[in-house]
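Numbering (our numbering), first residue to last: 1158 to 2069.
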């Protein structure tokens, strides 16, 4: 009976010789009981053992005669000056070899080759995992793949996992063979697949080794591994992630069967069965989701992560198009084509009611790439905000005072939104761009109606309005007295920042970028029953710098240049027994090496009042900066961040104010303006008013004769085209934003109060997606899945008072756990304040700004909470029993969040 001999390669021979020759004296024949992998051939190589080089010839023979002949030739050809060794392999049984040969052989008999023993030697192990003994593919692969520097030492026992990990590192380039551990997961495997070299190395392995490695990876990494490796073996490993994304899209498609068929043409033979599709899709989308999270983060690798994600998903879209799969997967939540489809769906409903637009926006923001396409998503969100504004009732302009306040509180935000949309859609989809253009036109038409109504009120009001009879309005010449002087009481040292040309839309954006952990916005306390709101002043007419800014800085109706402003500013504060410094353009910028002028810093270090005029916005109207971008981030206003930081460092409150606003030129290029006579400026003239103009006269009209013609339509101008203009009678030009900021709560003036973020942003701007409504318990009588939003019945447990029990906030502060916890909290707020805060948070859906929380407490007790963040911290200590986060500050301290379920469980003893 013929016995099949094991097959050995060169490396097994080398290890065998390294083990036997040092103990073999001068014997030069080694008989091996195995067949050589290069059958019928002779192989020669040098092998260094114990500092000596042995020249080895391997001869594979299948007969005794052949072995004898090979040995005789070897002896005849052996060179006396070197050590020559003959290794004979083959199929000859040991009992057929005579002693005339065996006498010359090492150990006098054929040496058995045990791969397991050889592998142990290679890894320096004393023993081997018993499972490896029968895995010839693994032992052979370890012998073949041994690195140049050898395998790493494995310790007492070489485990199977350690061996396979080392093999994968050597064969596939995943990890490091010298490492004790190799972290292998789906992320690692998919990253490996993206480089063509890795899958090519796998494709070059023997089928047995591919099968063995694939089985191990399936157990270690998951069921996605076999499909991925099958793609690699088929030469398509680099498409593994794109195909995984397409698999996910196909499985979630409404036409899943047809999509699956199209997908099968892309996978080909690499897909063993459709049962393997879902685990592969889940693993791929999991990897992509983690990459998307990295791209949305703030780390240094976010840009590279974004490029990596989009590269994969763009490839997926191309593959889908080639396979005619795109129509079947529609608005998939991961693919870029799905994002574009959702964006297109949103654009198609912008002309209609707000509800479909809200739904389309929610679907767009649910897309996994909405964060990576942040600018496009923000533009779409802004479009829906404008749809809400268009559908909301338009308040009637009752007076000039009410008109400018409403503009700063609402329609100015609409101007900001129009500026965002006017910049264009980054996807360059013409249908989306056309929808935005139509929406801009509709908003401008509505805004034109507001401007016309305001202009009519302005005409009558201007006839008599003055400091003695302002008609309820805050005049620009009274801003210092009514907004700056309160900050200067009791030794206060305000920094007055005059941003020339800052309109309401610019003001709300700049204020929105302020760090609310540093700056607290404050306003005069409102009348009882009204909510606090920002102050808005009325400019002089025409709304130009020479009259409006001078009147602002002098504290009285005036006109002139910088000298007049400087003298008037000094006189105003001298009457109040304070020194004052005014810095104009060129006077506050620092020399090389300085952020700000040393003279300004010296003034800020004193107890004097300091004002700085910043011309960036007004200057940009002429040089065209706003022609490309309508938004004004803080960093775009020259030195504004430095000025605010300096005010913070010197402990100064800040009055951020303008002298007038401006309008942008959004008329089509080449449009001919109507001829006009008596032109005196970009937006004012003398003569008889025409269409879109009004005639104004009175003490506030600072022109020769006290009369002027002003356009209220934003598309009228009297000079050559530029980015923007001012001087007219529109709300955007006449409204003067007045923002008051304090760096610490103890600087809030008497009679003033903090302004919560919730009282700044108009409701239509937030919308349901940014300010979720409170959901009550399901109505048993309603259809399944619907909830009530109206006041619940008295028996329901909610934020409303229940007869005999009170509101949930009141129940909480009366509970025994609350009273016990209160004993351990120093300077705990009044129970009435805590109850009001809890009820306010529940009403708002569980989230409010610290300012709004403090305002709720103040409204309940009449006691001002000057430091909202500290107040929220006290509430945390009061409500978070045993560390359970009933209430906590989140989003870097910008939001107070209440967990209603934990509140009920901790204080009322009811299960969540």
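Beta carbons: idealized from backbone N, C-alpha and C, even for Gly. Please read all numbers here as calculations on a predicted model, not as lab measurements.
* **Contact set for residue 1941: own chain, Cβ-Cβ below 6 Å, skip 5 residues either direction** => Since pLDDT at residue 1941 reaches only 33, below the 50 mark, its modelled position is unreliable, and the value read off the structure follows with that caveat. Answer for residue 1941: no residue qualifies.
* Taking C-beta to C-beta, are residue 1838 and residue 1699 nearer than 9 Å? -> The Cβ-Cβ distance between residue 1838 and residue 1699 falls below 9 Å.
* To do: Compare the beta carbon distance of residue 1510 and residue 1548 with 9 Å and say whether it is the shorter of the two.
  => yes
* Exposed or buried, which one is residue 1363 when buried takes at least 16 other CB atoms within 10 Å? -> exposed
* Closest residue to residue 1355 among 1372, 1387, 1376, 1380 (Cα-Cα distance) -> 1387
* What are the complete alpha helix (DSSP H) segments, minimum 4 residues, inside the region 1730-1805? -> 1755-1761, 1773-1780, 1782-1785
* To do: Look up residue 1653 in the DSSP assignment and give the residues it is bridged to.
  => 1768, 1812
* To do: Taking residue 1540 and residue 1507 to be in contact with their CB atoms under 8 Å, please state how far apart those CB atoms are, rounded to whole angstroms.
  => Between residue 1540 and residue 1507, the beta carbon gap of about 6 Å places them in contact (Cβ cut-off 8 Å).
* Asked: Hey, is the region 1884-1900 in contact with the region 2002-2020, meaning 3+ C-beta pairs nearer than 8 Å?
  -> Contact between the region 1884-1900 and the region 2002-2020 is absent: fewer than three C-beta pairs spanning the two stretches fall below 8 Å.
* **Distance between residue 1606 and residue 1829 (C-alpha atoms, nearest Å)** => Going by the C-alpha atoms only, they are around 23 Å apart.
* Sorted by chain position, which residues of the same chain lie with C-beta nearer than 7 Å to residue 1987's C-beta, five sequence neighbours on each side aside? -> 2018
* To do: Can you tell me which of 1389, 1307, 1914 puts its alpha carbon nearest to the alpha carbon of residue 1665?
  => Distances from the alpha-carbon of residue 1665 to those of 1389, 1307, 1914 put 1914 closest.
* Asked: Expressed to the nearest angstrom, what Euclidean distance is found between the alpha-carbon atoms of residue 1677 and residue 1900?
  -> 6 Å
* To do: With residue 1437 as the anchor, note down where its alpha helix (DSSP H) starts and where it stops.
  => 1434-1453
* To do: Please state whether DSSP places residue 1848 in a helix, a strand or coil.
  => coil
* Asked: Got a sec? Which residues, its chain only, sit under 6 Å from residue 1722 by beta carbon, not counting five neighbours each side?
  -> 1707, 1710
* **Residues of its chain near residue 1652, where Cβ-Cβ distance is below 6 Å and the 5 sequence neighbours each way are ignored** => 1767, 1804, 1809, 1811
* **Which residues DSSP lists as bridging residue 1209, in chain order** => The partner list for residue 1209 (beta bridge, DSSP) reads 1206.
* Beta-carbon of residue 1807 versus every beta-carbon of chain D: anything under 9 Å? -> Considering every chain present, this structure includes no chain D. It has just one protein chain.
* Asked: Applying the criterion that 16 or more other CB atoms from any shown protein chain within 10 Å of the CB defines a buried residue, is residue 1426 buried or exposed?
  -> exposed
* Asked: Taking the alpha carbon of residue 1289 as the point to measure from, which residue in 1347, 1373, 1194, 1345 has its own alpha carbon closest?
  -> 1373
* To do: Evaluate contact between the region 1365-1382 and the region 1452-1459, counting only Cβ atoms and requiring at least three cross-stretch pairs below 8 Å.
  => no
* Asked: At which residue ranges does the region 1292-1330 contain complete alpha helix (DSSP H) runs of 4 or more residues, listed in the order of the chain?
  -> 1293-1301, 1317-1329
* Can you tell me which of the three DSSP states residue 1865 falls into? => strand
* Please report the Cβ distance between residue 1704 and residue 1775, rounded to the nearest whole angstrom; I am assuming they are in contact, meaning their Cβ atoms lie under 8 Å. => About 14 Å; that fails the 8 Å criterion.
* Asked: In whole angstroms, what separates the C-alpha of residue 1650 from that of residue 1747?
  -> 22 Å
* Select from 1365, 1369, 1357 the residue whose C-alpha is nearest the C-alpha of residue 1395. => 1357
* To do: Assign residue 1921 to one of three DSSP states: helix, strand, or coil.
  => helix
* To do: May I ask whether a heavy atom of the ligand FAD can be found less than 8 Å away from the beta carbon of residue 2063?
  => The ligand FAD is absent from the structure shown, which contains no ligand whatsoever.
* Asked: Roughly how many angstroms lie between the CA atoms of residue 1585 and residue 1596, to the nearest whole one?
  -> 17 Å
* residue 2074 - DSSP class collapsed to helix/strand/coil -> As shown, the chain starts at 1158 and ends at 2069. That puts residue 2074 outside it, with no answer to give.
* Asked: Any contact of the region 1244-1263 with the region 1185-1204, i.e. 3+ C-beta pairs under 8 Å?
  -> They touch, by the three-pair rule.
* Asked: Could you give the distance in angstroms between the alpha-carbon of residue 1688 and the alpha-carbon of residue 1911?
  -> 11 Å
* Return the chain-ordered ranges of every alpha helix (DSSP H) run that is complete within the region 1651-1702 and spans a minimum of 4 residues. => 1661-1669
* Could you give the DSSP three-state label for residue 1975: helix, strand or coil? => helix
* To do: Could you name the residues of the same chain whose beta carbon sits closer than 8 Å to that of residue 1304, not counting the 5 residues immediately before and after it, in chain order?
  => 1327, 1334
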